[in-house]
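Contents: one structure, followed by commentary.
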């Protein structure tokens, strides 16, 4: 099995059991070994009292991209800790895209950078996530 095929099969298994990501209206755009791209349209119900995309929504988008990237090798992996920096507001009607990229994978620990942009390419937020592999797989190989 190629690394991309493994990543796609892992993503399909995760997606089938991830109602939260689906509930937000996210869509998996692309996945490969150590990386994932997820996007969503910001709807009015995603906005906060300032009329901008709630930080928890953009965090969830980045977190889901992080999850699909770090689980791309068919090894059950969880987030250990993350840091999120909000750089610009997202707005209703915009399409936000989170691109997660593996920076380092050593043993059971990984580091991933996630950039959230709008449809114009403006950076909305950046996240750095650290992952930890746990017992289990998404499918039998």
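In this note's numbering, the protein residues as written are 8 to 148.
We put the CB at the ideal spot given by N, CA and C, even for glycine.
Keep in mind the model is a prediction, meaning the values are calculated, not measured.
*asked:* Excluding the 5 residues flanking residue 25 on each side, which residues of the same chain have their C-beta closer than 6 Å to its C-beta?
replied: none
_Residues in the same chain with beta-carbon distance under 6 Å from residue 75, minus the five sequence neighbours each way, listed in chain order, please._
18, 38 and 43
*asked:* Restricting to Cα atoms, I'd like to know which of 33, 119, 54 and 93 is closest to residue 138.
replied: 119
*Indicate whether the contact test is met: 3 or more Cβ pairs, each with one atom in the region 70-89 and one in the region 110-124, closer than 8 Å.*
yes
*asked:* Can you check which of these residues, 102, 80, 134 and 91, is closest to residue 148 by C-alpha distance?
replied: 80
*To which residues of the same chain is residue 8 closer than 8 Å at the C-beta, ignoring the five residues directly before and after it?*
16 and 148
*asked:* Classify residue 146: buried if its beta carbon has 16 or more other beta carbons within 10 angstroms, exposed otherwise.
replied: exposed
*asked:* Quick check: residue 53 and residue 64, are their CB atoms within less than 7 Å of each other?
replied: yes
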